[in-house]
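**Student:** One structure follows; several queries about it will come next.
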Amino acid sequence: MVNLKNCTILGVSILALSLLIPVYTNSVNAQVTINGAGATFPFPLIDTWRVEYKNVNPDVNINYASIGSGGGIKQFIEKTVDFGATDAPLSASEFEKAGNAVHIPETIGSVVLAYNLPEVTTPLKLTGPVIADIFMGKITKWDDTKIKEINPGVTLPSEDIISVHRSDGSGTSFVFTDYLSKVSPEWHDSIGVGKSVQWPSGIGAPGNEGVAASIQGSPYSIGYVELAYALTTQMTYASIQNKEGNFIAPSFNSTMDAVSSAAGTLPEGSQSWTNVTLTDSSGPNSYPISSLTYLLLYKDLSTNPSVDEQKARSLVDFVEWAITDGQQFSESLGYVPLPQSVVDINEQTLKSLTFKGTPILSNSTS
Amino acid sequence: MPLKESKYSHADLVQKLDLRTKKKSFFGDKFFKGLVIGASLYTLLMVALVLFSLVDGSLPIFVKEGFNFVIGTNWNAVEGRESFGALPYIVGTLVSSAIAMAIAVPISIGIAIFINEMIPKKMSIVLAFVVELLAAVPSIVYGLWALFVFRFWIRDFVEEPLHNSLGHVIPSFAKAPFGLDVFTAGIVLAIMIIPIITAVSREVIKAIPHSQKEAAYALGATRWEMVKAAILPPAKTGLMGASFLGLGRAIGETMLITLVIGNAIGLAAIPTSLFSQSQTLSSIIANEFNEAANDLHLSALIGLGLVLFIITIFINIMAIFIISRVSKSYSNLRE
Numbered sequence: 002m003v004n005l006k007n008c009t010i011l012g013v014s015i016l017a018l019s020l021l022i023p024v025y026t027n028s029v030n031a032q033v034t035i036n037g038a039g040a041t042f043p044f045p046l047i048d049t050w051r052v053e054y055k056n057v058n059p060d061v062n063i064n065y066a067s068i069g070s071g072g073g074i075k076q077f078i079e080k081t082v083d084f085g086a087t088d089a090p091l092s093a094s095e096f097e098k099a100g101n102a103v104h105i106p107e108t109i110g111s112v113v114l115a116y117n118l119p120e121v122t123t124p125l126k127l128t129g130p131v132i133a134d135i136f137m138g139k140i141t142k143w144d145d146t147k148i149k150e151i152n153p154g155v156t157l158p159s160e161d162i163i164s165v166h167r168s169d170g171s172g173t174s175f176v177f178t179d180y181l182s183k184v185s186p187e188w189h190d191s192i193g194v195g196k197s198v199q200w201p202s203g204i205g206a207p208g209n210e211g212v213a214a215s216i217q218g219s220p221y222s223i224g225y226v227e228l229a230y231a232l233t234t235q236m237t238y239a240s241i242q243n244k245e246g247n248f249i250a251p252s253f254n255s256t257m258d259a260v261s262s263a264a265g266t267l268p269e270g271s272q273s274w275t276n277v278t279l280t281d282s283s284g285p286n287s288y289p290i291s292s293l294t295y296l297l298l299y300k301d302l303s304t305n306p307s308v309d310e311q312k313a314r315s316l317v318d319f320v321e322w323a324i325t326d327g328q329q330f331s332e333s334l335g336y337v338p339l340p341q342s343v344v345d346i347n348e349q350t351l352k353s354l355t356f357k358g359t360p361i362l363s364n365s366t367s
Numbered sequence: 053m054p055l056k057e058s059k060y061s062h063a064d065l066v067q068k069l070d071l072r073t074k075k076k077s078f079f080g081d082k083f084f085k086g087l088v089i090g091a092s093l094y095t096l097l098m099v100a101l102v103l104f105s106l107v108d109g110s111l112p113i114f115v116k117e118g119f120n121f122v123i124g125t126n127w128n129a130v131e132g133r134e135s136f137g138a139l140p141y142i143v144g145t146l147v148s149s150a151i152a153m154a155i156a157v158p159i160s161i162g163i164a165i166f167i168n169e170m171i172p173k174k175m176s177i178v179l180a181f182v183v184e185l186l187a188a189v190p191s192i193v194y195g196l197w198a199l200f201v202f203r204f205w206i207r208d209f210v211e212e213p214l215h216n217s218l219g220h221v222i223p224s225f226a227k228a229p230f231g232l233d234v235f236t237a238g239i240v241l242a243i244m245i246i247p248i249i250t251a252v253s254r255e256v257i258k259a260i261p262h263s264q265k266e267a268a269y270a271l272g273a274t275r276w277e278m279v280k281a282a283i284l285p286p287a288k289t290g291l292m293g294a295s296f297l298g299l300g301r302a303i304g305e306t307m308l309i310t311l312v313i314g315n316a317i318g319l320a321a322i323p324t325s326l327f328s329q330s331q332t333l334s335s336i337i338a339n340e341f342n343e344a345a346n347d348l349h350l351s352a353l354i355g356l357g358l359v360l361f362i363i364t365i366f367i368n369i370m371a372i373f374i375i376s377r378v379s380k381s382y383s384n385l386r387e
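Protein chains in written order, with the numbering used here: chain P, 2 to 367; chain Z, 53 to 387.
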């Protein structure tokens, strides 16, 4: 017991010391520290940027707390962080509360229907309405005629379907329910779109890990996870029918196609993005359940009183790097890189950013 | 030879001592009194602050839903369709804790008696140490173990056989088991609280005077009769206190529950069988608080916190009441 106590004391003091060290280095080098908070989904990518950006500009430190989109939006509006990150665009009321926020899409996510059917080796095909019926508890058996119809030649087991959804509020659920609302009027009317919705049936599991673990251990289950997660854990996933009627397997290319074909409809960075969705987008090869995830900045960065001019410039430089050179780290981490069309929109947005009325980017590049 | 007269008379001495203690106590007592009052005020202040922020935070939801918030079963956070009811999670909390208590209490008391009465002292020291070590395992460790390992054992060796053999007779086993349900949650909770209840029960049983046990043996009691007559009656209140301590832990447990209970929502979270998915008050707060950007949703989650607070207070009051009644009846018995 005494040893245990000593160990704890030692551990605590080491922790305390390690907390002190960065404070000292900061004061010596007069570096800029940029604080951000928000979505968990882009965290591995932003964290890689944090490390890699040290090679580009060693004087800029980036802190990113992946506390969830809701928390990120809250802290962004309360101005306790320099930038926010969210999987779903600001809602109308949030956009109004924030004042002059801009959305900068920084990477792309897509949602994959992963399943566990031990007997079935051919990839399963699913349509939007069938997925909606499964998650509403209307289709309860794997050999339901509706599933059989779209999978001719596949022998499906006569077992109960176990549907697994996210129990925590998440951008992944938002994208998934957004898609189902578009393709199933019944889903739209009875359940709707949200980061957490009232699931009529099935099992709730926390996080992508939780859903994946629930599916992997349990035959005859189906659930939705992020593409990156499905790729790294080697789960089997379904091809999904898109707007043009083609069955598309989720991949980097099919997700990028979906974003490119919707890029023309995107608003300017400073407008409201509330109604922006990339789900069920047109294009013959578009994967239908994809979405952008966003960084949030103020149009005039001096809106946040803790941001001075030097910090504003560092922040904009970093974001510009992230949406261009920073994209090279996407694929190895399982993220879909931004297509050029979206990068162009972002460049326009960044150029429009100001500090106390004067544009930031033209100052730093001139 | 007469005794040498003391310099001071008896009365003088008393006066001096009295003065001295008075002088000293004047400062010391006051200081001590202030310290103790301050410490107890701190506790009261904390409880008052918690209650205040819970009530303050949940006001919007009670204004909108009224008492329906407590008895409603709907839980819809979708913008424009907000409607919140706490009943499913109250039921889920009580059911999972009840399963946990039903399993944990007899086992814990059994372990405590075994450690104290059945084995040599050296072995009992080792065992007691192990139990205390288990009590220090963070609940998330039990939770992850349950999610990745234990639920398959439960499903394959307990739930499946029960479902297949008794499923059509007893409705509690009717639902096809998945391993993540209120039954698994109860068992894992029990595993978590057994070390806690055992550790306290052991101390309670240890405090019973040896003479009492020896008296029972002297009257020709077997070991079981000795336990029944000399240990359980006087230890009753203490054992109950230990159990309530475990119950308190079970009711408030969060992360472990979130991992294994299946996190159903709304009406679906009211368990209809042992193998139903459910949700507890604390698990839904943990699940949804991070992403609850909508004010009413946030207020509803804080409202669940208030409900949990009230349930906890109610259970504690009940515990005090039951314990005082039991100890009274025992002292009557002794007379």
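Just so you know, even glycine gets a beta-carbon here, dropped at the ideal spot from N, CA and C.
(1) Give me, in chain order, the residues of the same chain whose beta-carbon lies closer than 8 Å to that of residue 95 (chain P); leave out the 5 immediate sequence neighbours on both sides.
(2) Below 9 Å between beta carbons is the criterion; list the residues of the stretch 58-76 of chain P that meet it against any residue of chain Z, in chain order.
(3) Is the CB of residue 204 (chain P) under 8 Å away from at least one CB in chain Z?
(4) Provide the residue(s) that pair with residue 143 (chain P) in DSSP beta bridges, ordered along the chain.
(5) In chain P, what lies closer than 7 Å to residue 127 (chain Z) by C-beta?
(6) Consider the Cβ of residue 43 (chain P): report whether some Cβ of chain Z lies at a distance smaller than 8 Å.
(7) Using only the alpha-carbon positions, how far apart do residue 358 (chain P) and residue 301 (chain P) sit?
(8) Tell me residue 126 (chain P)'s beta-bridge partners as DSSP assigns them.
(9) Mind listing the chain P neighbours of residue 342 (chain Z)? Cutoff is C-beta to C-beta under 7 Å, in chain order.
(10) On the DSSP letters alone, give me the boundaries of the alpha helix (DSSP H) that residue 208 (chain P) sits inside.
(11) Residue 30 (chain P) by DSSP, collapsed to three states: which one?
(12) For the alpha helix (DSSP H) that contains residue 233 (chain P), what are its first and last residues?
(13) Under 6 Å Cβ to Cβ from residue 344 (chain P), same chain only, skipping five residues before and after it: list those, please.
(14) Helix, strand or coil, according to DSSP, for residue 1 (chain P) in the structure here?
(15) Just to check my reading of the structure: residue 124 (chain P) and residue 294 (chain P) have Cβ atoms closer than 8 Å, yes? What is that Cβ distance to the nearest angstrom?
(16) Look at the alpha carbon of residue 259 (chain Z) and the alpha carbon of residue 283 (chain Z), and state the distance between them as a whole number of angstroms.
(17) Using the C-alpha atoms, what's the distance from residue 237 (chain P) back to residue 362 (chain Z)?
(18) Taking 8 Å as the threshold (C-beta atoms), are residue 287 (chain Z) and residue 156 (chain Z) in contact?
(19) Report back the beta-carbon spacing between residue 319 (chain Z) and residue 95 (chain Z) to the nearest angstrom; my notes put them in contact at under 8 Å.
(20) If you drop the 5 nearest sequence neighbours on each side, which residues of the same chain put their C-beta closer than 7 Å to that of residue 212 (chain Z)?
(21) Quick check on the DSSP output: what are the complete alpha helix (DSSP H) runs of length 4 or more inside the stretch 40-94 of chain P, in order along the chain?
(22) Looking at C-alpha atoms only, which residue of Z:268, Z:302, Z:93 is the closest neighbour of residue 364 (chain Z)?
(23) What are the partner residues of residue 127 (chain Z), as DSSP defines its beta bridges?
(24) May I ask you to list the residues that DSSP assigns as paired with residue 346 (chain Z)?
(25) Given residue 356 (chain Z), which residues of its chain have a CB within under 6 Å of its CB, disregarding the five upstream and five downstream residues?
(26) I'd like to know if residue 145 (chain P) contacts chain B, where contact means its C-beta is closer than 8 Å to some C-beta of that chain.
(27) Looking at C-alpha atoms only, which residue of P:92, P:60, P:185, P:259 is the closest neighbour of residue 276 (chain P)?
(28) Taking Cβ-Cβ distances shorter than 7 Å, what residues in chain P pair up with residue 274 (chain Z)?
(29) Along the stretch 154-166 of chain P, where does the CB come closer than 7 Å to a CB of chain Z? Name the residues.
(30) Taking Cβ-Cβ distances shorter than 9 Å, what residues in chain P pair up with residue 145 (chain Z)?
(31) Under a Cβ-count criterion, where at least 16 other Cβ atoms within 10 Å of its own Cβ denotes burial, should residue 246 (chain Z) be classed as buried or exposed?
(32) Under 8 Å between C-beta atoms, does residue 194 (chain P) make it to chain Z?
(33) Measuring CB atoms only, is the stretch 318-336 of chain P touching the stretch 35-48 of chain P, in the sense that at least three cross pairs come out at less than 8 Å?
(34) With DSSP as the reference, please indicate the residues paired to residue 111 (chain P) in a beta bridge.
(35) Since residue 360 (chain P) sits in a beta bridge, which residues does DSSP pair it with?
(36) Which residues in the same chain as residue 83 (chain Z) place their Cβ atom closer than 7 Å to its Cβ, once the five residues preceding and following it in sequence are excluded?
**Tutor:** Taking the coordinates as given:
(1) In the first sequence, residue 95 (chain P) corresponds to position 94, counting from 1. Hits under 8 Å: 74, 78.
(2) Listed by position along the chain: 68, 69, 70, 71, 72, 74, 75.
(3) Your numbering for residue 204 (chain P) matches position 203 in the first sequence. A Cβ of chain Z is located within less than 8 Å of the beta carbon of residue 204 (chain P).
(4) To locate residue 143 (chain P), count along the first sequence from 1; it is residue 142. Residue 143 (chain P) is not bridged to any residue.
(5) Counting from one through the second sequence, the residue named residue 127 (chain Z) turns up at place 75. By Cβ distance, chain P contributes 199.
(6) The sequence position of residue 43 (chain P) within the first sequence is 42, counting from 1. Chain Z, which has no Cβ nearer than 8 Å to the Cβ of residue 43 (chain P), makes this no.
(7) In the first sequence, residue 358 (chain P) corresponds to position 357, counting from 1. In the first sequence, residue 301 (chain P) corresponds to position 300, counting from 1. Each residue's alpha carbon lies about 7 Å from the other.
(8) Locating residue 126 (chain P) in the first sequence gives position 125, counting from the first residue. The partner list for residue 126 (chain P) (beta bridge, DSSP) reads P:240.
(9) Here residue 342 (chain Z) refers to the residue found at position 290 when the second sequence is read from its first residue. What residue 342 (chain Z) touches in chain P, judged by beta-carbon distance under 7 Å, is 68, 69, 71, 72, 169, 170, going in chain order.
(10) Here residue 208 (chain P) corresponds to residue number 207 of the first sequence, with the count starting at 1. Per DSSP, residue 208 (chain P) belongs to the alpha helix (DSSP H) from 208-217.
(11) In the first sequence, residue 30 (chain P) corresponds to position 29, counting from 1. Because residue 30 (chain P) carries a pLDDT of 49, less than 50, the predicted location of this residue cannot be relied on, and no value is offered for it.
(12) The count along the first sequence starts at 1 and reaches residue 233 (chain P) at position 232. Counting along the chain, the alpha helix (DSSP H) containing residue 233 (chain P) begins and ends at 228-234.
(13) Translated into the one-based positions of the first sequence, residue 344 (chain P) becomes position 343. Around residue 344 (chain P): 324.
(14) Not covered by the structure: residue 1 (chain P). The range shown for chain P is 2 to 367.
(15) Numbered from 1 along the first sequence, position 123 holds the residue referred to as residue 124 (chain P). Numbered from 1 along the first sequence, position 293 holds the residue referred to as residue 294 (chain P). In fact, because the Cβ distance is near 27 Å, the residues do not count as touching under 8 Å.
(16) For the purposes of this step, residue 259 (chain Z) is taken as the residue at position 207 of the second sequence. For the purposes of this step, residue 283 (chain Z) is taken as the residue at position 231 of the second sequence. Taking the straight line from one Cα to the other gives about 10 Å.
(17) Taking the first residue of the second sequence as position 1, residue 362 (chain Z) is located at position 310. Taking the first residue of the first sequence as position 1, residue 237 (chain P) is located at position 236. So the two alpha carbons sit approximately 46 Å from each other.
(18) Counting from 1 along the second sequence, the entry for residue 156 (chain Z) is found at position 104. Counting from 1 along the second sequence, the entry for residue 287 (chain Z) is found at position 235. Not in contact: residue 156 (chain Z) and residue 287 (chain Z) (Cβ atoms no closer than 8 Å).
(19) Your numbering for residue 319 (chain Z) matches position 267 in the second sequence. Your numbering for residue 95 (chain Z) matches position 43 in the second sequence. With 8 Å as the limit, residue 319 (chain Z) and residue 95 (chain Z) do not qualify as a contact, their Cβ atoms being about 39 Å apart.
(20) On the second sequence, residue 212 (chain Z) is found 160 positions in, with the first residue counted as 1. Cβ within range, chain order: 229.
(21) Listed in chain order, they are 44-57, 70-78.
(22) What you label residue 364 (chain Z) is simply residue 312 of the second sequence in a count that begins at 1. Here the closest residue by C-alpha is Z:302.
(23) Mapped onto the second sequence, residue 127 (chain Z) falls at position 75. Note: residue 127 (chain Z) sits in a beta bridge opposite Z:136.
(24) Numbered from its first residue, the second sequence carries residue 346 (chain Z) at position 294. For residue 346 (chain Z), which the question treats as bridged, DSSP gives no partner whatsoever.
(25) Position 304 of the second sequence, counted from the start, is the residue given in the question as residue 356 (chain Z). Cβ-Cβ distances below 6 Å link residue 356 (chain Z) to 138, 333, 337 in the same chain, with the five nearest sequence neighbours on each side left out; the list follows chain order.
(26) Structure shown: chain B not included; protein chains present are P and Z.
(27) Locating residue 276 (chain P) in the first sequence gives position 275, where the first residue counts as 1. When only C-alpha atoms are compared, the closest one is P:92.
(28) For this step, residue 274 (chain Z) is matched to residue 222 along the second sequence. Neighbours of residue 274 (chain Z) on chain P: none; closest Cβ ~36 Å, over 7 Å.
(29) Considering only beta carbons, the part of the stretch 154-166 of chain P lying closer than 7 Å to chain Z consists of 161, 163, in chain order.
(30) Translated into the one-based positions of the second sequence, residue 145 (chain Z) becomes position 93. The contacting residues do not exist; residue 145 (chain Z) stays about 16 Å from chain P at best.
(31) Here residue 246 (chain Z) refers to the residue found at position 194 when the second sequence is read from its first residue. When all chains shown are included, residue 246 (chain Z) counts as buried.
(32) For the purposes of this step, residue 194 (chain P) is taken as the residue at position 193 of the first sequence. Answer yes: the Cβ-Cβ gap between residue 194 (chain P) and chain Z drops below 8 Å somewhere.
(33) With three or more CB-CB distances shorter than 8 Å, the stretch 318-336 of chain P counts as touching the stretch 35-48 of chain P.
(34) Here residue 111 (chain P) is taken as the residue at index 110 of the first sequence, counted from 1. According to DSSP, which records beta bridges pairwise, residue 111 (chain P) is partnered with P:291.
(35) Within the first sequence, the letter at position 359 stands for residue 360 (chain P). Bridge partners of residue 360 (chain P): P:355.
(36) The residue labelled residue 83 (chain Z) in the question sits at position 31 within the second sequence. Same-chain partners within the cutoff: there are none.
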